[in-house]
Amino acid sequence: MLRGQGLHAYRFAEREGENVSDEVVDRRSGIEDAARLIREARNVIALTGAGISTESGIPDFRGPQGVWTKDPAAEKRATLQHFVANRDARVQSWQNRLTSPLGMAEPNAGHAALTELHFKGKLGLLVTQNIDGLHQAAGFPASAIVEIHGTVHEFQCLSCPDRGPIETVLERVRGGDEDPHCQSCGGILKSATISFGQNLVARDLERSQSAAARSDLVLAIGTSLGVYPAANMVPIALQAGAKLIIMNAQETPFDEYASVILRGQLGKVLPEVAALV
Ligand code: NAD
Numbered sequence: 000m001l002r003g004q005g006l007h008a009y010r011f012a013e014r015e016g017e018n019v020s021d022e023v024v025d026r027r028s029g030i031e032d033a034a035r036l037i038r039e040a041r042n043v044i045a046l047t048g049a050g051i052s053t054e055s056g057i058p059d060f061r062g063p064q065g066v067w068t069k070d071p072a073a074e075k076r077a078t079l080q081h082f083v084a085n086r087d088a089r090v091q092s093w094q095n096r097l098t099s100p101l102g103m104a105e106p107n108a109g110h111a112a113l114t115e116l117h118f119k120g121k122l123g124l125l126v127t128q129n130i131d132g133l134h135q136a137a138g139f140p141a142s143a144i145v146e147i148h149g150t151v152h153e154f155q156c157l158s159c160p161d162r163g164p165i166e167t168v169l170e171r172v173r174g175g176d177e178d179p180h181c182q183s184c185g186g187i188l189k190s191a192t193i194s195f196g197q198n199l200v201a202r203d204l205e206r207s208q209s210a211a212a213r214s215d216l217v218l219a220i221g222t223s224l225g226v227y228p229a230a231n232m233v234p235i236a237l238q239a240g241a242k243l244i245i246m247n248a249q250e251t252p253f254d255e256y257a258s259v260i261l262r263g264q265l266g267k268v269l270p271e272v273a274a275l276v
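Letter 213 of the sequence shown, counting from 1, is numbered 212 in this note's numbering, and no numbers are missing.
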């Protein structure tokens, strides 16, 4: 099954009765092999996705309880074009922000374990597709994080460079301004996240991809590896000779290239791995 790097792949079940088939080897040795690869590597980077934050109460998009799994039409509504063209969409979006778990969530043991790896000198750049700011909240230095899809903690004007803390805009929404516009130029305001149909920030993409090309081990954590160009980090790193560890509950398109695959809950798996590094 492993065509990549000659180690075993480990798929272990967390729930009793789950069909674990012949892929299950030994849970413990999966964690140990992951820790050993991290110890042996000299330049480890990580790509995290929505899966690391589900245990903090923020649903992912494509997991079994994912926002789009439950409501496929929501994916279409998440485009920049829809937001710009529809006042109703903007009003709804700002109202959603007032009650969203994104604003209230706390980091979990998985986020903390990645911070531990960083301060053990075993994880350099952390590229996250998440917009929730939970890696920073768990103490991972902001200077070593690329938020490739932006952040919900800031707003941006779509017409001028104005940008700032989202709370200033949320205050206006709470005060009755349903569709707040830029106080400098009158443009449409939006959270500083990258919507579908919106370009990534070129320097963030460059930093992520050049780190991938220099790495010798990539950790793909809580991501379906289906969103591009973020997921491109994995083939870039593999092509440069890096090894790959996937920690994700569901299959990904890159599973066959991974040296180790850990399918367990990240809030359990990551602390166990970090403790052995
Ligand atoms: P995704 O929804 O496509 O995939 C998440 C993966 O995580 C799934 O395969 C799921 O099985 C796995 N997963 C969920 N909980 C897990 C757990 N506790 N342990 C192990 N695995 C778990 O997410 P993606 O690949 O990040 O792509 C979705 C896009 O949506 C991203 O671009 C991101 O910007 C955005 N998003 C962000 C947040 C957030 O900031 N927290 C939340 C939802 C979506």
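Where is the CB? At the ideal position from N, CA and C, for every residue including glycine.
(Q) Less than 9 Å between the beta carbons of L218 and I44, yes or no? (A) yes
Q: Give me the Cβ distance between A241 and S214, rounded to the nearest whole Å; I'm assuming they're in contact under 8 Å.
A: 5 Å
Q) Counting pairs of beta carbons, one from the stretch 93-112 and one from the stretch 63-82, are three or more of them closer than 8 Å? A) no
Q: For T150, collect the residues of the same chain with a Cβ closer than 7 Å to its Cβ; drop the 5 residues on either side in sequence, then sort them by chain order.
A: I130, G132, A191, T192
Q: Look up E166 in the DSSP assignment and give the residues it is bridged to.
A: Partner residues in a beta bridge of E166, as assigned by DSSP, do not exist.
Q: Assign D59 to buried or exposed, taking buried as 16 or more other Cβ atoms, counted over all protein chains shown, within 10 Å of its Cβ.
A: buried
Q. Which term fits S142, buried or exposed, when burial requires 16 or more other beta carbons within 10 angstroms of its beta carbon?
A. exposed
**Q.** Cα-Cα separation, V23 to S183
**A.** Low per-residue confidence applies at V23: pLDDT is 44, beneath 50, and the placement is therefore not dependable enough to give any value.
Q) Near A136, what residues of its chain come up, given a Cβ to Cβ distance below 6 Å and the 5 sequence neighbours on each side ignored? A) So the qualifying residues of the chain are P106.
Q. For D254, does the count of other Cβ atoms within 10 angstroms reach 16, so buried, or fall short, so exposed?
A. buried
Q. How many Å lie between L265 and V200 at the Cα?
A. So the two alpha carbons sit approximately 28 Å from each other.
Q: Would you list the one or two residues that DSSP bridges to F195?
A: Residue pairing from DSSP places F195 in a beta bridge opposite T78.
Q. The alpha helix (DSSP H) with L97 in it runs from where to where?
A. 86-98
Q | Range covered by the beta strand (DSSP E) that runs through H320 | A | Nothing about residue 320 can be reported from this structure: the residues present for the chain run from 0 to 276 only.
(Q) Quick check on the contact list: which residues have their beta carbon closer than 6 Å to a heavy atom of the ligand NAD? (A) G48, A49, G50, S52, T53, E54, I57, D59, F60, R61, G62, G65, Q128, N129, I130, D131, H148, G221, T222, S223, G225, V226, N247, A248, Q249, Q264, L265
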